[in-house]
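Asks: For the sequence shown, our numbering assigns the number 994 to the initial residue and increments by one for each residue that follows.
Even for Gly, the Cβ is constructed at its ideal location relative to N, Cα and C.
Being a predicted model, the structure only gives us computed values, none of them experimental.
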Amino acid sequence: MQTAGAPRYRRVLLKLSGEALMGEQPFGIDPAVINRLGDDIQRLRDQGVEVA
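1. Check glutamate 1017 in the structure and name its three-state DSSP category.
2. Whole angstroms is fine: what's the gap from tyrosine 1002's alpha carbon to aspartate 1039's?
3. Whole angstroms is fine: what's the gap from arginine 1019's alpha carbon to alanine 1045's?
4. So, helix, strand or coil for arginine 1001, using DSSP?
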């Protein structure tokens, strides 16, 4: 049984597409999307999750 706040998985694999990184822009990479992803990944790392 998991304790509250413990991550469900120890390791995760991210698969990102260029389309996912566009955000609301018609083309290119949206810096706001990159910043949000970076923050989310950092939160995972802080919880001890390995991210690839």
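Replies: Let's see:
1. Taking the sequence shown and counting its residues from 1, the one referred to as residue 1017 is at position 24. Note: glutamate 1017 maps to coil in three-state DSSP.
2. For this step, residue 1002 is matched to residue 9 along the sequence shown. For this step, residue 1039 is matched to residue 46 along the sequence shown. So the two alpha carbons sit approximately 13 Å from each other.
3. For this step, residue 1019 is matched to residue 26 along the sequence shown. For this step, residue 1045 is matched to residue 52 along the sequence shown. Sequence check: residue 1019 is proline here, not arginine. Each residue's alpha carbon lies about 28 Å from the other.
4. One-based indexing of the sequence shown puts residue 1001 at position 8. Coil at arginine 1001, not helix or strand.
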